[in-house]
Amino acid sequence: MPPPGRLRATLWLSRAMSLGVLEPRPPGKRWLVAGLGNPGLPGTRHSVGLAVLGQLAQRLGVADGWARDRRCAADLALAALGDAQLVLLRPRRLMNANGRSVARAAELFGLTAEEVYLVHDELDKPLGKLALKLGGSSRGHNGVRSCITCLNSNELLPPLLQRATDLLLDHIRERSQRPPSGLAISGHVPA
Numbered sequence: 001m002p003p004p005g006r007l008r009a010t011l012w013l014s015r016a017m018s019l020g021v022l023e024p025r026p027p028g029k030r031w032l033v034a035g036l037g038n039p040g041l042p043g044t045r046h047s048v049g050l051a052v053l054g055q056l057a058q059r060l061g062v063a064d065g066w067a068r069d070r071r072c073a074a075d076l077a078l079a080a081l082g083d084a085q086l087v088l089l090r091p092r093r094l095m096n097a098n099g100r101s102v103a104r105a106a107e108l109f110g111l112t113a114e115e116v117y118l119v120h121d122e123l124d125k126p127l128g129k130l131a132l133k134l135g136g137s138s139r140g141h142n143g144v145r146s147c148i149t150c151l152n153s154n155e156l157l158p159p160l161l162q163r164a165t166d167l168l169l170d171h172i173r174e175r176s177q178r179p180p181s182g183l184a185i186s187g188h189v190p191a
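In full-length UniProt numbering, the protein residues as written are 1 to 191.
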């Protein structure tokens with residue numbers, strides 16, 4: 001059972017989101033960090049973004065603070081990071097439709113594409129490797145493509161605060177790799 005203060009905050013957040021009442025924007029910056037993945041397929045390489053968000057929430061002390069928001073079909077948690085606020089988002093849609101959840105959450109919190117970070121698998125990276133990418137194409141990743149389309153921008157992933165980067169790096173346990181030679185990507189990564 002979460003501590004009473006955290007439980008009250010979670011209940012308030014749930015009610016506020018259900019009623020469409022967002023708290024006033026705090027001083028400092030707000031960022032949306034979305035973990036892309038397939039919610040029904042935990043433990044798969046294509047859902048690594050969801051796993052990383054779970055670890056990040058735990059590290060930031062908000063693991064018990066996830067609240068379902070039906071307006072964006074996602075689970076949300078709010079976390080403080082210095083004077084910045086992170087809106088953590090775990091879409092409840094399949095990977096190919098994650099962009100609808102990301103774009104709707106960005107709209108609800110008054111954020112632009114430049115204030116959105118995507119955490120997702122990358123087939124071109126060896127296991128355990130991480131890269132930050134500023135804008136650009138989806139490189140064939142359907143979840144990223146969905147976000148670019150729904151946000152009407154390829155300017156995703158602005159320069160990350162160093163502390164946030166450190167937190168993300170601490171918790172990434174696995175990364176995707178290309179399938180062995182001769183195996184099709186479609187058979188290697190769930191849709």
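For every residue, glycine included, the Cβ atom is placed at its ideal position computed from N, Cα and C.
Whose CA, out of LEU118, ARG93, ARG45, LYS29, lies closest to the CA of ALA80?
Ranking the options by Cα distance to ALA80, first place goes to LYS29.
In angstroms with no decimal places, state the Cα-to-Cα distance between ALA97 and GLY82.
32 Å
Once you ignore the five residues that flank THR149 on each side, which residues in its own chain have a CB closer than 7 Å to its CB?
GLY99
By the 10 Å Cβ neighbour count, where 16 or more other Cβ atoms means buried, how is PRO42 classified, buried or exposed?
exposed
Taking 7 Å as the cut-off, decide whether the C-beta atoms of ARG59 and ALA74 are in contact.
No. Outside cutoff.
If you run the structure through DSSP and keep just helix, strand and coil, what is SER56?
Sequence inspection shows Leu at residue 56; the Ser mentioned does not correspond to that position. If DSSP states are grouped into helix, strand and coil, LEU56 belongs with the helices.
Check whether the segment 36-54 and the segment 115-131 are in contact - that is, three or more C-beta pairs closer than 8 Å.
yes
Between which residues of its own chain and LEU111 is the CB-CB distance below 6 Å, once the five residues before and five after are set aside?
Taking LEU111 as the centre and dropping the five residues before and after it, the same chain places the C-beta of LEU32 closer than 6 Å to its C-beta, in chain order.
Determine, using beta carbons only, whether ALA34 and VAL102 come nearer to each other than 7 Å.
yes
Leaving out five residues before and five after LEU151 in sequence, what residues of the same chain have Cβ atoms less than 8 Å from its Cβ?
Here LEU151 has GLY99, VAL102, ALA103, ALA106, ALA113, VAL116 as same chain residues with Cβ atoms under 8 Å from its own Cβ, once five neighbours each way along the sequence are excluded.
I need the DSSP call for GLY61, collapsed to helix, strand or coil.
GLY61: coil per DSSP, three-state reduction.
Can you grab the Cα-Cα spacing for the pair LEU94 / THR44, in whole Å?
13 Å
Where does residue 222 land, buried or exposed, given buried means 16+ other C-beta within 10 angstroms?
Outside the displayed range of the chain (1 to 191) lies residue 222, so it cannot be described from this structure.
So for residue 199, helix, strand or coil by DSSP?
Outside the displayed span of the chain (1 to 191) sits residue 199, for which this structure offers no information.
Which residues mark the beginning and the end of the beta strand (DSSP E) in which LEU92 is found?
One detail in the question is off: residue 92 reads as Arg in this sequence, not Leu. From DSSP, ARG92 is part of no beta strand (DSSP E); its letter is neither H nor E.
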